[in-house]
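S.K.:
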Amino acid sequence: MAWLYLIVAGLLEIGWPLGLKYAQNPETRIIGAIAALFFIITSGFFLYLAQRKIPMGTAYAVWTSIGAIGTFMVGILFLEIHLLL
9 MAWLYLIVAG
19 LLEIGWPLGL
29 KYAQNPETRI
39 IGAIAALFFI
49 ITSGFFLYLA
59 QRKIPMGTAY
69 AVWTSIGAIG
79 TFMVGILFLE
89 IHLLL
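Counting in the numbering used here, the sequence shown tops out at residue 93, every number present.
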């Protein structure tokens, strides 16, 4: 169950940078900030649950990896953020 919590935490980690992205727009500033705060809190909570059984270093590495790769992919696929080549 701890690994499931960790995967959920990693997927929720993708949400807060997106919330901050939407908070940059004056029309969606409030909802973006609320979304970012929600995702930060829930992701942290699921990380806490996962770390009760999984060592901290392992959990943190997996959590940040899922969040970083997921945010990268969402940015490319849905926000049309292009790689600088």
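Virtual Cβ for every residue (Gly too), placed ideally from N, Cα, C.
Given a threshold of 16 other Cβ atoms within 10 Å of its Cβ, counted over all protein chains shown, does L55 qualify as buried or as exposed?
M.R.: Buried, by the Cβ-count rule.
S.K.: Alpha carbon to alpha carbon, how far is A31 from W71? Give it in angstroms, no decimals.
M.R.: Cα-Cα distance, rounded: 23 Å.
S.K.: Name the two residues that bound the continuous alpha helix (DSSP H) containing L28.
M.R.: Start and end: G23 to A31.
S.K.: Determine whether the beta carbon atoms of G140 and G40 lie at a separation below 8 Å.
M.R.: Nothing about residue 140 can be reported from this structure: the residues present for the chain run from 9 to 93 only.
S.K.: Please report the Cβ distance between G78 and I22, rounded to the nearest whole angstrom; I am assuming they are in contact, meaning their Cβ atoms lie under 8 Å.
M.R.: About 4 Å separates the two Cβ atoms, so the contact holds.
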